[in-house]
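Read through the structure below, which is laid out as structure tokens, and then see the notes.
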Amino acid sequence: MSEVTSRRPWSLRARLVVSAVLLIAVVGAVIGTVTTIAFRTYLYGQLDTRLTAVAMRASGPPAVDATRPPDMPRMGPLDFVTGGGTPVGTVGAVVEDDGAVVRAVASTQLEPSGPEPTESVLDAAQTKALAAVVRDEKPHTVDLPGMGGYRVTYASGVRGAFLVGVPTKDVRNALGALVLVEVCVTGAGLVAAGIAGAGMVGVALRPLRRVAATATRVSELPLHSGEVSLLERVPEALADPRTEVGQVGAAVNRMLGHVGSALAARQQSETRVRQFVADAGHELRTPLASIRGYAELTRRGREKEAAGPDTRHALGRIEAEATRMTGLVEDLLLLARLDAGRPLCVESTDLSPLVVDAVADARAAGPGHAWRLELPSRPAAIRGDAPRIQQVLVNLLANARTHT
């Protein structure tokens with residue numbers, strides 16, 4: 001058996017619930033994707049705004065130079081990295097006129113509640129990754145080895161040219177948390193939708209199950225014979241054609257009505273046939289009894305007159321055939337009364353005399369045919385119903401006589 005034929009089909013309830021859950025899953029995935037993209041765009045927009053502010057601070061003139069006290073040291077070109085309002089982890093690099101990056105630092109803070117951030121110099125690999133950023137003054141996402149993702153931009157101004165970057169760790173963490181929440185909420189929603197959907201679909205399909213139960217009860221009725229009263233119907237409440245289940249119920253009721261009419265017509269026809277058979281059987285019993293009586297009287301009279309063996313055999317055959325026809329008539333009467341054939345009388349039967357009688361009858365009915373009979377030396381005994389076997393032999397020889 002192939003895999004397709006051996007696979008158990010899904011019920012309508014399972015298909016509806018699974019389809020609804022899949023649809024909700026697709027809608028949830030679309031909503032989650034759109035929400036994540038919109039939130040990502042918003043967060044990166046905020047991050048780029050912060051990056052632009054840091055870049056303007058790096059390339060613009062120092063705000064404190066005009067009011068700087070004489071004893072206050074002048075600010076360096078990368079002091080904006082650790083300045084107030086700058087996110088921890090900000091990187092900055094000085095870009096020479098020939099495009100070379102001469103110094104790159106990052107702000108670090110060992111503890112969140114510790115002292116002010118300090119500068120840490122980037123290593124060669126980090127500096128190389130930072131220097132590869134396109135110098136178009138637009139934010140670009142760069143992965144710095146050992147530091148993670150950064151949004152980096154090129155800025156130039158009165159103080160020189162710089163590469164400025166802020167970490168994307170917080171944005172990525174926020175997006176990861178959002179995706180996790182979406183997955184958990186969507187999963188819980190799918191489970192709840194599956195459970196609720198199974199219950200709702202089960203309630204919605206309950207009328208259909210009642211229609212199926214009606215059809216099942218009808219299928220269990222003995223409809224093959226006899227008088228059948230087909231009273232089963234789908235309740236009117238479930239046969240409203242304005243609903244899908246009601247259309248099925250109404251169709252089942254119409255079908256049951258047609259089947260009931262057909263069964264009633266069949267019953268009437270069978271009744272008429274049985275009545276005809278009974279009448280014919282009663283009408284045939286009297287002439288057959290007369291034939292048997294006259295044949296027996298004639299045979300007895302011929303025996304007294306010492307008639308020849310052929311005459312006695314012919315009269316004996318007339319009696320035997322009349323007896324067999326009487327049995328057939330009795331069977332017809334039994335069939336008319338009980339709507340069933342006579343039960344077989346199985347006993348040990350010798351086929352030889354049955355065959356001899358059948359051939360003799362065939363020779364008498366078809367004298368223009370050449371009949372040859374070969375019998376075994378010993379009796380051919382079988383277990384069977386002798387009248388039925390005789391009937392089969394006579395029918396076979398009659399067919400042979402008619403068609404040859």
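Here UniProt numbering is used: the first residue of the sequence shown is 1, the next is one more, and so on.
Even glycine gets a Cβ: it sits at the ideal position worked out from N, Cα and C.
Because the structure is a prediction, the values reported are computed rather than measured.
query: Residues that DSSP places opposite Tyr-154 in a beta bridge; result: Leu-163
query: Contact the segment 19–28 vs the segment 182–193: 3+ CB pairs below 8 Å; result: yes
query: Beta-carbon gap between Ser-120 and Val-81 smaller than 7 Å; result: no
query: Cα-Cα separation between Met-72 and Gly-28, rounded to whole angstroms; result: Below a pLDDT of 50, predicted positions are generally treated as unreliable, and Met-72, at 41, falls in that range; the measurement from the model is reported next regardless. When rounded, the distance between both Cα atoms is 59 Å.
query: Residues near Ala-38 in its chain [Cβ-Cβ closer than 6 Å; skip 5 each side]; result: none
query: Backbone secondary structure at Glu-119 - three-state DSSP; result: strand
query: Cβ-based burial, Arg-151 [other Cβ within 10 Å; buried from 16]; result: buried
query: Cβ contact check for the segment 389–403 and the segment 357–368: 3 or more pairs under 8 Å; result: yes
query: Under 7 Å between C-beta atoms of Arg-50 and Val-166; result: yes
query: Close Cβ partners of residue 405 (< 7 Å) along its chain, the five nearest in sequence each way excluded; result: Absent from the structure is residue 405, since the part of the chain shown begins at 1 and ends at 404.
query: Top-ranked residue by Cα proximity to Asp-123, from Val-30, Ala-93, Gly-99; result: Ala-93
query: For Thr-349, the residue or residues it bridges with in DSSP; result: Ile-382
query: Selected residue, minimal CA-CA separation from Gly-45, among Asp-350, Lys-138, Gly-249, Ala-364; result: Lys-138
query: Residues of its chain near Val-203, where Cβ-Cβ distance is below 6 Å and the 5 sequence neighbours each way are ignored; result: none
query: Touching by the beta-carbon criterion (3+ pairs, under 8 Å), the segment 30–37 and the segment 204–216; result: no
query: Pair within 7 Å by beta-carbon distance, Val-234 and Thr-214; result: yes
query: Spatial neighbours of Val-105 in its chain, beta-carbon cut-off 8 Å, leaving aside the 5 residues before and after; result: Leu-78, Val-81, Val-91, Gly-92, Ala-93, Glu-119, Ser-120, Val-121, Leu-122
query: Beta-carbon spacing of Thr-326, Ala-386 below 7 Å; result: no
query: Supposed contact pair Val-355 and Leu-328 - C-beta distance, whole angstroms, cut 8 Å; result: 20 Å between Cβ atoms; not a contact.
query: Distance CB(Gly-249)-CB(Leu-256) smaller than 7 Å; result: no
query: For Ser-107, three-class secondary structure by DSSP; result: strand
query: The alpha helix (DSSP H) enclosing Val-81, as first and last residue numbers; result: No alpha helix (DSSP H) holds Val-81; DSSP gives it neither H nor E.
query: His-369 vs Arg-401 beta-carbon contact at 7 Å; result: yes
query: 7 Å Cβ shell around Gly-197 - same chain, five flanking residues per side excluded; result: Val-17, Ala-20, Val-21
query: Residue of Glu-232, His-403, Leu-375 minimising C-alpha distance to Thr-352; result: Going by the sequence as given, residue 352 is Ser instead of Thr. Ranking Glu-232, His-403, Leu-375 by Cα distance to Ser-352 puts Leu-375 first.
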